[in-house]
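For the sequence shown, position 236 matches number 235 in numbering that gives the first Met the number 0, and the numbering has no gaps at all.
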Amino acid sequence: MSLLRLSYLYLKRHLLTTAVTILSLAIAIAAVTVLLKLEKLSHSRFDTLASQGDAIVGAKSGGIDILLGALNFEGDIPGYIPQNLYETLKEKKNIAFEDKAQFQNSPAVTHITPLLFFGKHQGFSLIGTEESFLFMQPSEAAPQLQDGTFPREPGDVLVGSKYISQQNAKLGQNIYVHAKIHGSDSESSGFPLKIVGILKPTGKAWDKGLYTNLETAQNAVIRTPGYHTIWGPRVLSYFVMNIQKDGAESLSSLINQRTVAQIAFVDTEKARLEELSGSNQTLQLLIVGILLLLSTLTVLAVFYTRIEGRTMELAILRALGRSRRDLTSLLILEGLIMDLVAITIAAILDLSLSPLILLTAGSNLPAATSANWPWWMILVTGVFALIAVMVASLPPVWKLFRQDIHSTLRNIN
0 MSLLRLSYLY LKRHLLTTAV TILSLAIAIA AVTVLLKLEK LSHSRFDTLA
50 SQGDAIVGAK SGGIDILLGA LNFEGDIPGY IPQNLYETLK EKKNIAFEDK
100 AQFQNSPAVT HITPLLFFGK HQGFSLIGTE ESFLFMQPSE AAPQLQDGTF
150 PREPGDVLVG SKYISQQNAK LGQNIYVHAK IHGSDSESSG FPLKIVGILK
200 PTGKAWDKGL YTNLETAQNA VIRTPGYHTI WGPRVLSYFV MNIQKDGAES
250 LSSLINQRTV AQIAFVDTEK ARLEELSGSN QTLQLLIVGI LLLLSTLTVL
300 AVFYTRIEGR TMELAILRAL GRSRRDLTSL LILEGLIMDL VAITIAAILD
350 LSLSPLILLT AGSNLPAATS ANWPWWMILV TGVFALIAVM VASLPPVWKL
400 FRQDIHSTLR NIN
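Printed below as a string of structure tokens:
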């Protein structure tokens, strides 16, 4: 009888123990896989996070939210800030307040670009901006024209490289979109946008945008059901600024304390985000290690208990001519069978639970794609589990090699 047949018959004869072991191993593999995928997903935002600007101004929502919303296009449609604040800083005007306090902007702001998010189309963000968008700093991986022109006329749109590759779009083509506003699920009626420009690939969030001029975006916003602000159509979601170092403190005091907006300094918020992600990564890796250790100990306990209970069986097989190498292969083969079945069940659990896990995470994580939520991660975890099973097989194999078959067989009644 082949070793495979012997392994199958033994596992079948002890079906309950086998099933519990396989299920425990499958749950551990699935849990480790999900944790590793979550870690990869949370760090994927650093791959696409744009590096332009020293500071970002947005509605009060927290610095990290502003950073990820403006430079990685994460989350829902953001809140609004008045366009007047942007124009005042752009024109370097002095600002006076009722308490006679003044802010002299002069050299603090060296470059400024507005962004108004007004919906999504086929998963791509709709954004209104100005031509300063094409001159953002630093220029490495900044938006630059590949073909066409910036959208100056109402209804024109400049598209990122990913839209071209995924939608097979081209210059001159019309696309039909719907606008959305902050705090509402309602959409405007559809309206056309004509592609007049294409951006060069950057590898950053800029590739995932569809960019109109501010007039087109603001007209779309005010036509969306439920829109109402004291500023009328003159609103923005963010503006991204390059500033001189000595202007940071005064800008922070002005914007955070005296306006409805909030300023987020890019380097500071990136450092905070990396710190949070690093802490989560350490915790996730610790949990992964604990789960793998528990899986190894579970399999070890089962294997050791089995060899204790089948001492006579193994001695008889030795007496019938099976070598120690054959019996070692038998034990390892049983572990391999259980591991492969466990990986299959774990893959089913991973596939079934992934949508629920991502839904629970909500906007705290980037959108899952095949790149940052890889299906093959289960195979990586399965290899680790296989190594754990092989390690757990060593103590029973060592006990097998020390077995005295003559003493064992003399105890047969």
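We put the CB at the ideal spot given by N, CA and C, even for glycine. Keep in mind the model is a prediction, meaning the values are calculated, not measured.
Spatial neighbours of Ile65 in its chain, beta-carbon cut-off 6 Å, leaving aside the 5 residues before and after: Ile55, Gly57, Ala263
Three-way DSSP call (helix, strand, coil) for Ile174 in this model: strand
According to DSSP, residues forming a beta bridge with Gln261: Gly57
Beta-carbon gap between Ser157 and Trp372 smaller than 7 Å: Ser is not the amino acid found at residue 157; the sequence shown has Leu there. Their beta carbons are not under 7 Å apart, which means Leu157 does not touch Trp372 by this criterion.
Simplified DSSP assignment, three categories, for Tyr237: strand
Cβ distance (whole Å) where Ser131 is taken to contact Ile111 below 8 Å: 7 Å
Any 3 or more C-beta pairs closer than 8 Å across the segment 225-244 and the segment 199-212: no
Validate contact between the segment 222-229 and the segment 15-31 using beta carbons, cut 8 Å, 3 pairs: no
In chain order, each alpha helix (DSSP H) run of at least 4 residues that lies wholly inside the segment 186-221: 213-221
Classification of Glu97 by the beta-carbon crowding that lies within 10 angstroms, buried from 16 upward: Confidence at Glu97 is low in this model, with a pLDDT of 49, below 50, so its placement is unreliable and no value can be given for it.
C-alpha gap between Pro191 and His177, whole angstroms: 9 Å
Top-ranked residue by Cα proximity to Asp338, from Arg12, Ser23, Gly171, Arg4: Ser23
7 Å Cβ cutoff met for Pro77 and Phe117: no
Residues that DSSP places opposite Pro153 in a beta bridge: The partner list for Pro153 (beta bridge, DSSP) is empty, contrary to what the question assumes.
Endpoints, beta strand (DSSP E) assigned at Asp245: Note, Asp245: premise wrong, no beta strand (DSSP E); not H, not E.
Distance between Leu330 and Lys161 (C-alpha atoms, nearest Å): 52 Å
Residue interval of the beta strand (DSSP E) (run including Leu114): 108-120
Burial state of Ala18, where buried means 16 or more other Cβ atoms lie within 10 Å: exposed
Straight-line gap, Val390 to Glu38 (C-alpha atoms, nearest Å): 26 Å
Residue range of the beta strand (DSSP E) that includes Gly416: An answer regarding residue 416 cannot be provided, because it is not within the stretch 0 to 412 covered by the chain.
First through last residue of the beta strand (DSSP E) which encompasses Gly147: 144-147
Where Ile80 falls: helix, strand or coil (DSSP): strand
Tyr85 burial status per 10 Å Cβ neighbour count (16 or more: buried): buried
Nearest neighbour of Ala204, chosen from Leu48, Leu114, Lys91 [CA to CA]: Leu48
Candidates Val340, Gly196, Gln256: closest to Thr206 by CA position: In the sequence as displayed, the identity of residue 206 is Asp instead of Thr. Residue Gly196 is the option with its Cα nearest to Asp206.
Counted within 10 angstroms of its Cβ, other Cβ atoms place Leu213 as buried (16 or more) or exposed: buried
For Lys39, the three-state DSSP class (helix, strand or coil): helix
Of the listed residues Thr109, Gln82, Ala25, nearest to Lys244 (C-alpha basis): Thr109
The alpha helix (DSSP H) enclosing Leu48, as first and last residue numbers: Segment: none, Leu48 is in no alpha helix (DSSP H) and carries neither H nor E.
Rounded C-alpha distance that separates Glu273 from Ile80: 27 Å
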